[in-house]
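In our numbering, the protein residues as written are 18 to 204.
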């Protein structure tokens, strides 16, 4: 155990206000699997009592977020597995967590994968391809940066009204070619 330097609730220094040990709390922390078996760490967290504000607080660890029992390493693993085509149930089974935890972890990282509507690249290449059965139409639309070979976005449909809605989100758009007066009349 350690002695905290200040109270987590009121912020008083330990030298001016007496912090005393006030029991422990047992936490079961989920760790990554070892030899394909679920691994848990039973951690006794020290509870402290602040005599200044008459409240208690619990010692923290860098392995998990506050009020969480699943390690940051597992959350990152869930996000990494989410990039492959697999169900949330399969990911949850492989990592020994619930499907709700997988869903929460994937939604936590999803803002990083949303398209950037600030600008389009200078060289844009577009194509259509046959995608999955769950798509809105038979063919999907993909646009990439032709210089960096990076995918900008994949749209579920290649229909004109979907493309018009998508490209109208960009601020500075310079559209040349494919009937741009109909798609973006102000360009």
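For each residue, glycine too, the CB sits at the ideal point set by N, CA and C. Just so you know, these numbers come straight off a predicted model, no measurement behind them.
Please report the Cβ distance between residue i and residue j, rounded to the nearest whole angstrom; I am assuming they are in contact, meaning their Cβ atoms lie under 8 angstroms.
i	j	result
residue 71	residue 81	Between residue 81 and residue 71 the Cβ distance is about 27 angstroms, and since that is not below 8 angstroms, they are no contact.
residue 45	residue 74	Not quite, the Cβ-Cβ distance comes to about 20 angstroms (not below 8 angstroms), so this is no contact.
Between residue i and residue j, what straight-line distance do the alpha-carbon atoms span, to the nearest angstrom?
i	j	result
residue 66	residue 26	10 angstroms
residue 124	residue 57	25 angstroms
residue 98	residue 121	13 angstroms
residue 184	residue 53	46 angstroms
residue 143	residue 100	22 angstroms
residue 22	residue 59	25 angstroms
residue 35	residue 51	42 angstroms
residue 83	residue 76	10 angstroms
residue 179	residue 105	28 angstroms
How would you write the range of the beta strand (DSSP E) that residue i sits in, first residue to last?
i	result
residue 121	It is not in any beta strand (DSSP E) - residue 121 instead sits in the alpha helix (DSSP H) that spans 116-126.
residue 57	54-67
For the candidate residues the options, whose alpha-carbon lies nearest to that of residue i?
i	options	result
residue 102	46, 148, 137	148
residue 43	49, 61, 37, 28	61
residue 164	156, 180, 139	139
residue 49	142, 104, 113	113
residue 176	186, 168, 155	155
residue 19	55, 78, 28	78
residue 37	181, 137, 119, 68	68
Over the uninterrupted alpha helix (DSSP H) stretch that includes residue i, give me the two end residues.
i	result
residue 102	Segment: none, residue 102 is in no alpha helix (DSSP H) and carries neither H nor E.
Does any CB atom of chain D fall closer than 9 angstroms to the CB of residue i?
i	result
residue 125	The structure shown contains no chain D; it holds only a single protein chain.
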